[in-house]
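K.L.:
First to last, the sequence lines map onto chains V and R.
For the first sequence, the residue numbers in numbering that gives the first Met the number 0 are 0 to 234.
For the second sequence, the residue numbers in numbering that gives the first Met the number 0 are 0 to 286.
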Amino acid sequence: MPDPILKTEGLNSFYGDFQALFDLDIHVEEGEVLAIIGANGAGKTTLMRSITGLLKNGANEVSYRNEPIGHLRADQIASKGLALVPEGRQLFPSLSVEENLLIGGRVGRPGPWNLKTVCELFPILDERRNVPSTALSGGQQQMVAIGRALMSNPDLLLFDEISLGLAPVIIKTIYDALPGIVGEGMSAVIVEQDISKALAFSSRVYCLQEGRVSLEGASSTVSRDDISRAYFGVE
Amino acid sequence: MEWVNAILQGTLLGGLYALFAAGLSLIFGVMRLVNIAHGDLIVLAAYLGLTVTSTIGVHPLLALAIVVPAMALIGYVLQRGILNFTLGDDLLPPLLVTFGLSVILQNALLEVYTADPQKMNAGALETASIPVGDLAVGVLPLLTFAFAIAVIAALQFVFYRTALGRAFRAVSDNQDIAQLMGLNRRHIFGLAMALALAVTAIAGILLGIRTSFDPSSGGGRLIFGFEAVIIGGLGNLWGTLAGGVILGVAQNIGAQINPGWQLLAGHLAFLVVLAIRPRGLFPRISG
């Protein structure tokens, strides 16, 4: 088996004084779509912040392509080809749609994604490119957030709660676009509250509970009962 | 006619105040840092100009070619070396540190240049004037005003039309997410301070040609800069120019009534604006 693209080993992360992750070992295989599910407060977003470098860790607690990155700054990690679509979209309010996308392309990695291809993926963004990002609907903002992450041509793309707060029809549009995004050899991690969506679009799944892995398995074989137990900790 | 003259001269003086203010405004806009040492940095630039003109004997305006990059370098080093460590959720540490910096700068200038008032010699430029009707408009104030417009137009261009400006605005909006986009905020802040002190260098040289200065002149320049920023509205560069002009005109009208009222009239105009429009006359639209 080839080496994983991303790996955490004994990852302990803190949210202020509160320990959110305990000795966490997870890995992402090259080219796979991994789902991470879990209840609120299970540590999913803290895990995303630790991987992307927004939280500092011990160097060896997170490694990317066998290189320790736990101690690096977020901008250094981004330039290695790791991008995040953050929870709540978090666009830059004083930048236009196009400027938000261009900022994403600043890392300057070569690849298929640029302003033109992102606008082909989400044509509405082309129409509204000069509008302030705050003037868009939630779904359109999510498209900008995804486009912004794609602009850096990442090898590993993390999606944090992309369906949160969006109308079902919009969620469908966005998930329909996913295969076109992760198809081209890109690896992806989907953090999701919507378990059926997470299982349908991933090949493997981790369930987190109180900062620990409570379940790991192939998305097609895990049973609903296993997930309920892992999710809520009910025996 | 005296009143028209007061308003005209005040408007031109406002250009200098806008130059004092532009750097302050830029720094606050990008990193929410209130730089108490800003006035002393203007005076530092004036002294650097003085050293350059007296050692190699060039015209003060040519000294800009050396002082502007020198101040920009000082700005970058100052930001990366000290000020970045004071930034966080709390506004107090940068205030205290820049206040300390202000004290250090004043005393260092006193040590090196003594307390004697100094002035840069710009030759015929200082007294040249252009007749406009019955009035005479000084070439130096006119040049200062032109510098102010050029500097603000250039800053506006950098902010809204270049990749660097996008980075400034992105970091100002959300530091974490900007970091995820591959922007190192410490470096971006360093560049912002470098740009601000480059503007400060222009302000310092023009100040040093216009009037005499000494190591303790910084405080007054800081106040004028602050007032111009607040009158114009935080985060609005053209508003800062308008703020400088309003301040300059108010001061000159005050001086016209009674020479002792010059500074008082400027402060009163500031207080009136603050009372009626606490966010300034032209606040940036998005909070």
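The C-beta atom is built at its ideal place from N, Cα and C for all residues, glycine as well.
Distance check for VAL96/V and ALA288/R, CA to CA, integer angstroms please.
P.N.:
In this structure chain R extends from 0 to 286, so residue 288/R is not present and cannot be described.
K.L.:
Which one of ASN106/R, LEU72/R, THR50/R, ALA71/R has the shortest CA to CA distance from ALA62/R?
P.N.:
When each option's Cα is compared against that of ALA62/R, the closest is THR50/R.
K.L.:
Establish whether the CB of GLN89/V and some CB of chain R are separated by less than 8 Å.
P.N.:
Closer than 8 Å to some Cβ of chain R, the Cβ of GLN89/V qualifies, so yes.
K.L.:
So with CB distances below 7 Å, who are the chain R contacts of GLU98/V?
P.N.:
Those are ARG165, listed as they occur along chain R.
K.L.:
Is the beta carbon of LEU155/V sitting closer than 8 Å to the one on LEU81/V?
P.N.:
Yes, the pair counts as a contact, with Cβ atoms nearer than the cut-off.
K.L.:
For ASP213/R and chain V, any beta-carbon pair shorter than 8 Å?
P.N.:
Chain V contact via Cβ: absent.
K.L.:
For LYS196/V, which of helix, strand or coil comes out of DSSP?
P.N.:
Three-state result, LYS196/V: helix.
K.L.:
For a contact defined as C-beta to C-beta under 9 Å, what are the partners of ASP89/R on chain V?
P.N.:
Correct list: empty, because the minimum Cβ distance to chain V is about 16 Å.
K.L.:
If we count Cβ pairs, one from each stretch, closer than 8 Å, do we get three or more for the region 46 to 60 of chain V versus the region 113 to 130 of chain V?
P.N.:
No, the region 46 to 60 of chain V does not touch the region 113 to 130 of chain V.
K.L.:
I want to verify the contact list: residues of chain R whose CB lies under 9 Å from the CB of ASP74/V, in sequence order.
P.N.:
Near ASP74/V (Cβ distances below 9 Å), the residues of chain R are ALA177, GLN178, LEU179, MET180, GLY181, LEU182, ASN183, ARG184, HIS186.
K.L.:
Using a C-beta to C-beta distance shorter than 7 Å, which residues of chain V count as neighbours of ASN173/R?
P.N.:
In chain order: GLN89, PHE91.
K.L.:
What are the partner residues of LEU81/V, as DSSP defines its beta bridges?
P.N.:
BP columns for LEU81/V point to LEU155/V.
K.L.:
Can you give me the C-alpha to C-alpha distance between VAL131/R and PHE167/R, rounded to a whole angstrom?
P.N.:
Rounded to the nearest angstrom, the two C-alpha atoms are 42 Å apart.
K.L.:
When we look at the beta-carbon of LEU95/R and count the other beta-carbons within 10 Å, is it buried (16 or more) or exposed?
P.N.:
That one is exposed.
K.L.:
Skipping 5 residues on each side, what residues in its chain have a beta carbon closer than 6 Å to that of GLY207/R?
P.N.:
Counting only Cβ-Cβ distances below 6 Å, and skipping sequence neighbours, we find ALA45, GLY48, MET119.
K.L.:
What are the residues that DSSP puts in a beta bridge with GLU215/V?
P.N.:
Paired residue(s): TYR205/V.
K.L.:
Can you find a C-beta in chain V that's less than 8 Å from the C-beta of ARG168/R?
P.N.:
Chain V, which has a Cβ nearer than 8 Å to the Cβ of ARG168/R, makes this yes.
K.L.:
Who are the neighbours of ALA77/V on chain R, taking C-beta pairs under 7 Å?
P.N.:
LEU179, MET180, GLY181, listed in chain order.
K.L.:
Rounded to whole angstroms, what is the Cα-Cα separation between ALA197/R and PRO68/R?
P.N.:
So the alpha carbons of these two residues sit roughly 7 Å apart.
K.L.:
Using a Cβ-Cβ cut-off of 6 Å (strictly less than) and excluding sequence neighbours within five positions of LYS171/V, which residues of its own chain qualify?
P.N.:
Nothing listed; no residue qualifies.
K.L.:
Quick one: grab the DSSP three-state call for ASP22/V.
P.N.:
Strand.
K.L.:
On the three-state DSSP scale, how would you describe ALA187/V?
P.N.:
Note: ALA187/V maps to strand in three-state DSSP.
K.L.:
Helix, strand or coil, according to DSSP, for LEU196/R in the structure here?
P.N.:
Here LEU196/R sits in helix by DSSP.
K.L.:
Exposed or buried, PRO140/R, counting other C-beta atoms within 10 Å across all chains shown (16 or more means buried)?
P.N.:
Per the 10 Å Cβ criterion, buried.
K.L.:
Just verifying my parser: in three-state terms, what is the DSSP assignment at VAL32/V?
P.N.:
DSSP places VAL32/V in strand when its eight states are reduced to three.
K.L.:
Any C-beta of chain R within less than 7 Å: which residues of the region 102 to 122 of chain V qualify?
P.N.:
For the region 102 to 122 of chain V, which is checked against every Cβ of chain R, the residues closer than 7 Å are ILE102, GLY103, ARG105, VAL106.
K.L.:
Are the C-beta of LEU155/V and some C-beta of chain R separated by less than 8 Å?
P.N.:
No, no contact with chain R.
K.L.:
ASN11/V by DSSP, collapsed to three states: which one?
P.N.:
The answer is strand: DSSP assigns ASN11/V an E or B state.
K.L.:
Taking only beta-carbon atoms, is LEU207/V less than 8 Å away from chain R?
P.N.:
So no, LEU207/V is outside the interface.
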